[in-house]
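J.: One structure is given below, represented as structure tokens, and several questions about it will come after.
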């Protein structure tokens, strides 16, 4: 695979190393001279100097034959445009954009750039995962399939405590796919009984979140 | 534009920028009916506050080509502004985005054309041109 990475910061440099180690051909583009020189000592010809939002720089780096373009500069506008030009001008199949400010994610979405990866967002999700203070953690959003997977802790006083999965009264379009208990987990059947203290993973149609959390948490404000 | 009777709203990240609008005017920009909002253009709240939803025309002319190209597309696609004009210094990017349907104004290209015309003697300037 030929990967073009724009931005040789910590993310770009390490990503280039990993991809090269795995046997891929990589070109890194960096616009700051000093940074370029530092990285060039290690990566040599695999890094080029220039502004990766300029067409001639991208073309010199071989964007036309790239299988993957990764835009990981510190500037969201740059990352957006690099991915937009890669896809729409040069027909690159796969792009990945870094979104530095999670408030800009909506702009990536508007211009059809995906995936856009926001480190702040990922860290926030991890924190929520570790500290389930909101009662519910979004594990995965499948926007195109219109599905999401959420994780909830079943409270000791939950209306679901001691209830069989089949009797939970979940709306159509929601399914308990896993119950985590005592450090283990299993895929439940209709007969399986939910207990207070369990963590349940539920796959559901977008929009059912409120109805589903009510069954487990009982209080809507806890969600 | 304001003097022509249009409603004009200016958005700038620098609160001092209003001084440029007031400079050399007898009455201040806001007294003359202009609006001024402080904020960066990628902030949707700032765009809304500056009135992007009511705008008939939108000009993206910050000092950054990439910022201009992104906000122009936001104005066009998200807020459906009819007439969007965007300043792009780099002729190559200006050309490609123009082909994608944006109205790009490239001062570099304009300067090249004027300079060339002057060099070839097709036009002759007295004093400052452009």
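Protein chains in written order, with my numbering: chain A, 1 to 223; chain B, 224 to 353.
We put the beta carbon where it would ideally sit given N, CA and C, even for glycine.
If you're wondering where the values come from, they're calculated on a predicted model, not measured in any experiment.
For the stretch 60-88 of chain A, enumerate the residues whose C-beta is nearer than 8 Å to any C-beta of chain B, in chain order.
T.: Listed by position along the chain: 75, 76, 77, 78, 80, 81, 85 and 88.
J.: Answer with yes or no whether the minimum CB distance from residue 101/A to chain B is below 9 Å.
T.: Cβ-Cβ to chain B under 9 Å: yes for residue 101/A.
J.: Would you mind giving the Cβ-Cβ distance between residue 293/B and residue 81/A, rounded to the nearest angstrom? I have them listed as a contact below 8 Å.
T.: That belief holds up - the Cβ atoms of residue 293/B and residue 81/A are roughly 7 Å apart, short of 8 Å.
J.: Determine the burial state of residue 243/B: buried for a count of at least 16 other Cβ atoms within 10 Å of its Cβ, exposed for fewer.
T.: Label assigned to residue 243/B: exposed.
J.: Give every residue of the same chain whose Cβ lies closer than 8 Å to the Cβ of residue 232/B, excluding the five residues on either side of it in the sequence, and list them in chain order.
T.: So the qualifying residues of the chain are 257, 258, 259, 260, 273, 274 and 278.
J.: Residue 317/B and residue 327/B look like a contact to me (Cβ under 8 Å); what is the Cβ gap, rounded to whole Å?
T.: So it is a contact: roughly 4 Å between Cβ atoms.
J.: What residues from the stretch 44-58 of chain A come within 8 Å of chain B, judged by C-beta to C-beta, listed N to C?
T.: Answer set for the stretch 44-58 of chain A: 53, 54, 55 and 56.
J.: Can you tell which of 64/A, 180/A, 1/A and 115/A has its C-alpha closest to the C-alpha of residue 199/A?
T.: Selected option, being the one with the closest Cα: 180/A.
J.: Classify residue 299/B: buried if its beta carbon has 16 or more other beta carbons within 10 angstroms, exposed otherwise.
T.: Answer is buried; the Cβ neighbour count reaches 16.
J.: Roughly how many whole angstroms lie between the Cα atoms of residue 329/B and residue 255/B?
T.: The alpha-carbon atoms of residue 329/B and residue 255/B are separated by roughly 30 Å.
J.: With 8 Å as the C-beta to C-beta threshold (strictly closer), list the residues of the stretch 274-306 of chain B near chain A in chain order.
T.: The residues in question are 287, 288, 289, 290, 292, 293, 296, 297, 300 and 301.
J.: From residue 305/B to residue 146/A, what distance separates their C-alpha atoms?
T.: When rounded, the distance between both Cα atoms is 32 Å.
J.: So what does DSSP say about residue 149/A, is it helix, strand or coil?
T.: In this structure, residue 149/A counts as strand in the three-state DSSP scheme.
J.: I need the boundaries of the beta strand (DSSP E) containing residue 180/A, first residue and last residue.
T.: Here the beta strand (DSSP E) through residue 180/A covers 174-181.
J.: Per the contact definition of three or more C-beta pairs closer than 8 Å, is the stretch 150-165 of chain A in contact with the stretch 181-199 of chain A?
T.: Short answer: they touch.
J.: Using a Cβ-Cβ cut-off of less than 8 Å, give me the residues of the stretch 315-329 of chain B that come near chain A, in sequence order.
T.: Flagged, chain order: 315, 316, 319 and 323.
J.: Does the Cβ-Cβ distance between residue 213/A and residue 150/A come in under 9 Å?
T.: Taking 9 Å as the Cβ cut-off, residue 213/A and residue 150/A qualify as a contacting pair.
J.: Use the C-beta contact count for residue 101/A: other C-beta atoms within 10 angstroms, 16 or more gives buried, fewer gives exposed.
T.: By the neighbour-count rule (16 or more Cβ atoms within 10 Å), residue 101/A is not buried but exposed.
J.: Using the DSSP secondary-structure output, state which residues sit across from residue 186/A in a beta bridge.
T.: Answer by DSSP bridge pairing, in chain order: 179/A.
J.: Using a Cβ-Cβ distance under 9 Å, would residue 214/A count as near chain B?
T.: Cβ-Cβ to chain B under 9 Å: no for residue 214/A.
J.: Measure the CB-CB distance between residue 29/A and residue 47/A and report whether it falls below 9 Å.
T.: Yes, the Cβ-Cβ distance between residue 29/A and residue 47/A is below 9 Å.
J.: Return helix, strand or coil for residue 236/B, following the three-state DSSP convention.
T.: In this structure, residue 236/B counts as coil in the three-state DSSP scheme.
J.: Which residue marks the beginning of the alpha helix (DSSP H) containing residue 21/A, and which one marks its end?
T.: From DSSP, the alpha helix (DSSP H) with residue 21/A extends over 10-21.
J.: Residues in the same chain with beta-carbon distance under 7 Å from residue 41/A, minus the five sequence neighbours each way, listed in chain order, please.
T.: Excluding residues within five positions, none has a Cβ falling inside 7 Å.
J.: Please name the residues in the stretch 248-274 of chain B whose beta-carbon is closer than 8 Å to at least one beta-carbon of chain A, in chain order.
T.: Cβ contacts with chain A come from 265, 266 and 267.
J.: For the structure I just gave you, are there three or more beta carbon pairs, one from the stretch 87-94 of chain A and one from the stretch 14-27 of chain A, closer than 8 Å?
T.: Result no; under three Cβ-Cβ pairs closer than 8 Å.
J.: Quickly, what does DSSP pair residue 49/A with across the bridge? List them, please.
T.: For residue 49/A, which the question treats as bridged, DSSP gives the partners 30/A.
J.: Hey, does residue 313/B have any beta-carbon neighbour from chain A nearer than 9 Å?
T.: For residue 313/B, the answer is yes, since a Cβ of chain A falls inside 9 Å of its Cβ.
J.: Decide yes or no for the touch test of the stretch 8-22 of chain A against the stretch 59-74 of chain A: beta carbon pairs closer than 8 Å, at least 3 of them.
T.: Yes, they touch.
J.: Can you pull the chain B residues whose beta carbon is under 7 Å from the beta carbon of residue 107/A, in chain order?
T.: Chain B residues near residue 107/A: 265, 293 and 297.
J.: Could one say the Cβ of residue 4/A lies closer than 9 Å to chain B's Cβ atoms, at least one of them?
T.: Not an interface residue.
J.: What is the DSSP secondary structure of residue 223/A, counted as helix, strand or coil?
T.: Per-residue confidence for residue 223/A stands at a pLDDT of 39, beneath the threshold of 50, marking its modelled position as unreliable; no derived number is given.
J.: Are the beta-carbon atoms of residue 320/B and residue 311/B separated by less than 9 Å?
T.: Yes; because the gap between Cβ atoms is below 9 Å, this pair is in contact.
J.: Thinking C-beta only, is residue 60/A closer than 9 Å to residue 50/A?
T.: Yes, they are a contact pair.
J.: Would you report the Cα separation of residue 43/A and residue 19/A, rounded to the nearest angstrom?
T.: When rounded, the distance between both Cα atoms is 12 Å.
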